[in-house]
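**Student:**
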Amino acid sequence: MVPTAAYRDEGVSYHYMPASDYIEMKHWETVASFFEKQGVPYVIGKTWTTDGIYRETAGNAEKRRQEGCISVEMEAAGIQAVCDHHGLSLYNFLFASDCLEKEEWKNELLGTSGEKEMQVKCFQLALHLAAEL
Numbered sequence: 001m002v003p004t005a006a007y008r009d010e011g012v013s014y015h016y017m018p019a020s021d022y023i024e025m026k027h028w029e030t031v032a033s034f035f036e037k038q039g040v041p042y043v044i045g046k047t048w049t050t051d052g053i054y055r056e057t058a059g060n061a062e063k064r065r066q067e068g069c070i071s072v073e074m075e076a077a078g079i080q081a082v083c084d085h086h087g088l089s090l091y092n093f094l095f096a097s098d099c100l101e102k103e104e105w106k107n108e109l110l111g112t113s114g115e116k117e118m119q120v121k122c123f124q125l126a127l128h129l130a131a132e133l
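The working numbering applies: residue 1 is where the sequence shown begins, and numbers increase by one.
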């Protein structure tokens, strides 16, 4: 997944930039273009950054979905804010390990050997992207 913006539901980003609901994820077009050239399947959309683990209530999740969020994670907004503050570039992408789309939680990779394999693949993609930049 290539995030285009992150909903700021964590604490870090507010120490580095003025309050707002979303932060733009810079360079997402570059990451998407890189994935296209590499033949890597991906989706684009907003992400919901929260450090309130297991506090993604059904109402909040539905509101985020209505706003275009297609993932939940814990770091994107904070890392982008720190990078913006210090004039650094972030080329962010995510992979899904479980699914909270339905009433029932569905674990796809979380805690499995498949998750480790995906982490290694993503690390290799990140190195290749960095070499191209």
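A virtual CB, placed ideally from N, CA and C, is assigned to each residue, including glycine.
Note that the structure is a prediction, hence the values are computed from the model and not measured.
(1) Output needed for M1: all residues of its chain with C-beta closer than 8 Å, excluding positions within five of it in sequence on either side, in chain order.
(2) Below 8 Å on the Cβ atoms is my guess for T49 versus M74; work out the distance and round it to an integer in Å.
(3) What runs of the alpha helix (DSSP H), each 4 residues or longer, lie entirely inside the region 49-84?
(4) Which residues share a DSSP beta bridge with Y16?
(5) Rounded to whole angstroms, what's the CA-CA distance from F34 to K121? Just pull it up for me.
(6) State the DSSP-derived secondary structure class of K116, mapped to helix, strand or coil.
(7) For S170 and H27, which I take to be in contact (beta-carbon distance under 8 Å), what is that distance rounded to the nearest angstrom?
(8) Would you identify the three-state DSSP class for V43, choosing helix, strand or coil?
(9) Could you give the first and the last residue of the continuous beta strand (DSSP E) run that contains E24?
(10) What residue from G39, G78, E108, P3 has the CA that sits closest to P18's CA?
(11) Do I23 and Q80 count as a contact pair if the criterion is CB distance below 8 Å?
(12) Taking C-alpha atoms, which residue in N60, G87, A76 lies nearest to A5?
(13) If you draw a straight line from the alpha carbon of K37 to that of E108, how long is it in whole angstroms?
(14) Taking its Cβ as the centre, do 16 or more other Cβ atoms sit within 10 Å of S13, making it buried, or is it exposed?
**Tutor:** According to the structure data:
(1) One-based indexing of the sequence shown puts residue 1 at position 1. Contacts found: Y42, V43, I44, G45, T47, I70, S71, F93, L94, F95, A96.
(2) What you label residue 49 is simply residue 49 of the sequence shown in a count that begins at 1. What you label residue 74 is simply residue 74 of the sequence shown in a count that begins at 1. The distance from the Cβ of T49 to that of M74 is about 7 Å, consistent with a contact at the 8 Å cut-off.
(3) Residue ranges of uninterrupted alpha helix (DSSP H) with 4 or more members, entirely inside the region 49-84 and ordered along the chain, are 58-66.
(4) Numbered from 1 along the sequence shown, position 16 holds the residue referred to as residue 16. None; Y16 has no bridge partner.
(5) Your numbering for residue 34 matches position 34 in the sequence shown. Your numbering for residue 121 matches position 121 in the sequence shown. Each residue's Cα considered, the two are about 15 Å apart.
(6) Counting from one through the sequence shown, the residue named residue 116 turns up at place 116. Correct three-state label for K116: helix.
(7) There is no way to answer for residue 170, as the model of the chain reaches only from 1 to 133.
(8) Stepping through the sequence shown from its first residue, residue 43 is reached at position 43. Coil, per DSSP.
(9) Translated into the one-based positions of the sequence shown, residue 24 becomes position 24. Per DSSP, E24 belongs to the beta strand (DSSP E) from 22-24.
(10) Position 18 of the sequence shown, counted from the first residue, corresponds to residue 18. Between P18 and the set G39, G78, E108, P3, the nearest pair of CA atoms involves G78.
(11) Locating residue 80 in the sequence shown gives position 80, where the first residue counts as 1. Locating residue 23 in the sequence shown gives position 23, where the first residue counts as 1. Yes. Within cutoff.
(12) For the purposes of this step, residue 5 is identified with residue 5 of the sequence shown, where counting begins at 1. Closest option to A5, Cα to Cα, is A76.
(13) Residue 37 sits at position 37 when you count from the first residue of the sequence shown. Residue 108 sits at position 108 when you count from the first residue of the sequence shown. Rounded to the nearest angstrom, the two C-alpha atoms are 26 Å apart.
(14) The residue you call residue 13 lines up with position 13 of the sequence shown. Residue environment analysis places S13 among the buried positions, since at least 16 neighbouring C-beta atoms fall within 10 angstroms of its C-beta.
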